[in-house]
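Participant:
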Amino acid sequence: MSRLMRSFLVFAACCFAGAFVVQTFFPEVGGQGTAWGLAPGWQREIGFWNVFALAVVVGALMRGDGDTPRIVALGIVVLAFLLGTNHLVAVVGRPDGWAHYTPLFVNYLGVAWGTLALWSGRTPRAIREAPDRRMGP
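Pasting the structure below:
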C-alpha cells in the first residue's frame with residue numbers, strides 16, 4: 003500500500019471516528035447548526051454507520067495489500083462525494099447553517115485525496131496484462 007493510500011485511509015478512519023462521537027454523543031451540535039435540525043435517533047443511527055465504516059477502513063489498513071485498500075478507498079470516495087454534495091445543497095438552501103461547512107470541506111477534501119491515492123497506485127494496463135516471462139514458455 004502506498005504512503006498516500008495509507009494516509010488517506012487513516013484520514014478517513016479519523017473522520018469516521020469523529021463523526022461517530024459527534025453524532026452519537028453530541029447530536030445537538032449538528033442539530034442546532036444545520037438546515038435539518040435536531041433528530042437524536044437518526045443522528046445516533048448515522049453514528050453507528052460510522053462505526054461500521056471505521057471497522058471496514060481499519061480492516062483495509064490491517065490487510066494492507068492487494069485490492070482491499072483500493073476497493074475501500076473507492077467506496078469512501080463515492081460516499082464522500084455524495085455526503086459533500088448533500089451538505090452543499092443544504093448550504094445553498096440555507097447559508098446560515100454553519101454546521102454544514104466543515105463536513106462540506108472535509109468530504110470534498112476526501113474526494114480529492116482519495117482520487118489521488120487511487121490514481122497514484124494504479125498500474126497501466128499494458129504492464130498488468132503482460133505475460134510473465136520468468137515462468138518460461
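The opening position of the sequence shown corresponds to residue 3 in our numbering, with each subsequent residue numbered one higher. The C-beta atom is built at its ideal place from N, Cα and C for all residues, glycine as well.
1. So does the stretch 98 to 108 actually touch the stretch 50 to 69, counting three or more Cβ pairs closer than 8 angstroms?
2. Quick check: what's the CA-CA separation for Val-31 versus Ile-78?
3. Could you say which of Leu-40, Gln-34 and Ala-57 lies nearest to Cys-16 if we only look at CA atoms?
4. Just to confirm my understanding: we take His-89, look at its own chain, exclude 5 residues before and 5 after, and list those with CB closer than 6 angstroms. What are they?
5. Using 8 angstroms as the threshold, is the stretch 111 to 122 in touch with the stretch 5 to 13, meaning 3 or more CB pairs across them?
6. Considering only their Cβ atoms, is the gap separating Asn-52 from Gln-25 smaller than 8 angstroms?
7. Under the assumption that Phe-13 contacts Trp-115 (Cβ atoms under 8 angstroms), give the Cβ distance between them as a whole number of angstroms.
8. Got a sec, what are the start and stop residues for the alpha helix (DSSP H) Gly-68 sits in?
9. Between Val-113 and the rest of its own chain, which residues show a CB-CB distance below 7 angstroms, the 5 nearest in sequence each way excluded?
10. Taking the straight line between their C-alpha atoms, what separation do you get for Pro-1 and Arg-5?
11. If you draw a straight line from the C-alpha of Gly-39 to the C-alpha of Val-91, how long is it?
12. Which stretch, first to last residue, makes up the alpha helix (DSSP H) that contains Arg-8?
13. Can you tell me whether Ala-128 is helix, strand or coil according to DSSP?
Facilitator: The short version:
1. no
2. The count along the sequence shown starts at 1 and reaches residue 31 at position 29. The count along the sequence shown starts at 1 and reaches residue 78 at position 76. Using only the alpha carbons, I get a separation of about 24 angstroms.
3. One-based indexing of the sequence shown puts residue 16 at position 14. Of Leu-40, Gln-34 and Ala-57, the residue nearest in Cα terms is Ala-57.
4. Along the sequence shown, read from residue 1 onward, the residue named residue 89 stands at position 87. These residues qualify, in order along the chain: His-102, Pro-105 and Leu-106.
5. yes
6. Position 23 of the sequence shown holds residue 25. Position 50 of the sequence shown holds residue 52. A contact, by the Cβ cut-off of 8 angstroms.
7. One-based indexing of the sequence shown puts residue 13 at position 11. One-based indexing of the sequence shown puts residue 115 at position 113. That pair is a contact at about 7 angstroms.
8. Locating residue 68 in the sequence shown gives position 66, counting from the first residue. Looking at the DSSP string, Gly-68 is not in any alpha helix (DSSP H), and its letter there is neither H nor E.
9. As a first step, residue 113 is located in the sequence shown; it is residue number 111 there, counting from the start. Only Val-79, Ala-82, Phe-83 and Gly-86 meet the Cβ criterion.
10. Only positions 3 to 139 of the chain appear in this structure, which leaves residue 1 out of reach.
11. Here residue 39 refers to the residue found at position 37 of the sequence shown. Here residue 91 refers to the residue found at position 89 of the sequence shown. Cα to Cα, Gly-39 sits roughly 15 angstroms from Val-91.
12. Against the sequence shown, residue 8 aligns to sequence position 6. Unbroken alpha helix (DSSP H) run through Arg-8: 5 to 27.
13. Start at 1 with the first residue of the sequence shown, and residue 128 comes out as number 126. Residue placement at Ala-128 cannot be trusted, given a pLDDT of 48 that sits under 50; what the coordinates show is reported in the next sentence. If DSSP states are grouped into helix, strand and coil, Ala-128 belongs with the helices.
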